[in-house]
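Q: Line by line, the protein sequences give chains F and Z. Quick note: the first sequence uses my numbering, first residue 68, plus one each step. Quick note: the second sequence uses my numbering, first residue 484, plus one each step. All C-beta atoms in this analysis are idealised placements derived from N, C-alpha and C, irrespective of residue type, glycine included. All values derive from a computational prediction rather than experimental measurement. Starting off with a structure, shown below.
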Amino acid sequence: MKLHVRLFAGARDLAGADHVVVELPAGATVADLRARLVALCPRLAELAKRCAVAVDAEFAGDGDVLKDGAEIALLPPVSGG
Amino acid sequence: MIRLTIEPIDFAALTEAARRPDCGGVVLFLGTVRDLTDGRITTALDYEAYPGMAEKKLAEIEEETCRRWPVGAMALVHRLGCLGVGEISVAAAVSCPHRAEAFEACRFAIDRLKELVPIWKKENWADGSTEWVHPATSAK
């Protein structure tokens, strides 16, 4: 499956893009997605460890299984306020 | 009421909207752009959000605050875009029957916002450099 991953703030700047397309096999998890993102964009490696992953606008755990068509976002540590 | 906005925050109107006849305590918190962080001079902050999720999380915080305290009315508003020193980036207004619970509820709402809502700020330092703020303690 092809997943579009939105990138924000420092993650977007490091990647030089506001989203990336990641190809993963069916049954892949959030942890697999993280690994693939870092492989595609090694500059994300350090920050990605501290990022949350959102699936369909909700925080997801590393063991969560991804579904085709899900809206995915890599969220660096937040700093609103 | 929750909102993301690029317009200046009208805190007087938000506070007025939070007032209720059965609420004797109204607490307003404003977050404003500070001119100095760790000894460095800030000229402006850029705020961005993950819009759909930020609004969803703000609504969840409002709902949780109203469940835990006897809230008459509340508003949680965050501004986005480029804000100069002294401008208001966030406002939380909460009314409750009594002041202790109004202070607690407002404190809870702003603390949760800073912890959970996918919004980020970028420092624009006086020397012309910029830096996204991604605190060591994680989003969740």
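1) Please identify the residue among F:L111, F:L107, F:P144 and F:A119 whose C-alpha is closest to the C-alpha of V15 (chain F).
2) The stretch 123-146 of chain F: which residues have C-beta closer than 7 Å to a C-beta of chain Z, in chain order?
3) Looking only at C-alpha atoms, which of Z:R551, Z:R582 and Z:A501 sits nearest to L559 (chain Z)?
4) Is there a C-beta anywhere in chain F that falls below 9 Å from the one on P491 (chain Z)?
5) So with CB distances below 8 Å, who are the chain Z contacts of A76 (chain F)?
6) Can you tell which of Z:V509, Z:T498, Z:D505 and Z:T520 has the C-alpha that lies nearest to the C-alpha of V616 (chain Z)?
7) Would you kindly report the start and end of the unbroken alpha helix (DSSP H) that includes I485 (chain Z)?
8) From Z:G564, Z:T525 and Z:C579, pick the residue whose C-alpha is nearest to that of P553 (chain Z); which is it?
9) Quick one: what does DSSP say D99 (chain F) is sitting in, helix, strand or coil?
10) Should R110 (chain F) go down as buried or exposed, given a rule of 16 or more other Cβ atoms within 10 Å for buried?
11) Determine the burial state of I524 (chain Z): buried for a count of at least 16 other Cβ atoms within 10 Å of its Cβ, exposed for fewer.
12) So P143 (chain F) packs on W603 (chain Z), CB below 8 Å; how close in whole Å?
13) With contact counted as at least three CB pairs below 8 Å, one residue from each stretch, are the stretch 504-512 of chain Z and the stretch 566-581 of chain Z in contact?
14) Go through its chain and collect everything with a Cβ distance to E481 (chain Z)'s Cβ below 7 Å, but skip five positions before and after it.
A: So, from the listed chains and residues:
1) In the structure as shown, chain F begins at 68 and stops at 148. Residue 15 (chain F) is therefore absent and cannot be evaluated.
2) Contact residues of the stretch 123-146 of chain F toward chain Z are A124, F126, A140, L142, P143, P144, V145 and S146 (C-beta to C-beta distance below 7 Å).
3) Z:A501
4) no
5) Annotation: Cβ neighbours of A76 (chain F) in chain Z (cutoff 8 Å, chain order): E531, W603, K605, W615 and H617.
6) Among Z:V509, Z:T498, Z:D505 and Z:T520, the Cα nearest to that of V616 (chain Z) is on Z:T520.
7) From DSSP, I485 (chain Z) is part of no alpha helix (DSSP H) but of the beta strand (DSSP E) over I485 to T488.
8) Per the C-alpha coordinates, the member of Z:G564, Z:T525 and Z:C579 positioned closest to P553 (chain Z) is Z:C579.
9) helix
10) exposed
11) exposed
12) 7 Å
13) yes
14) In the structure displayed, chain Z extends from 484 to 623; residue 481 (chain Z) sits before or after that span and is not available.
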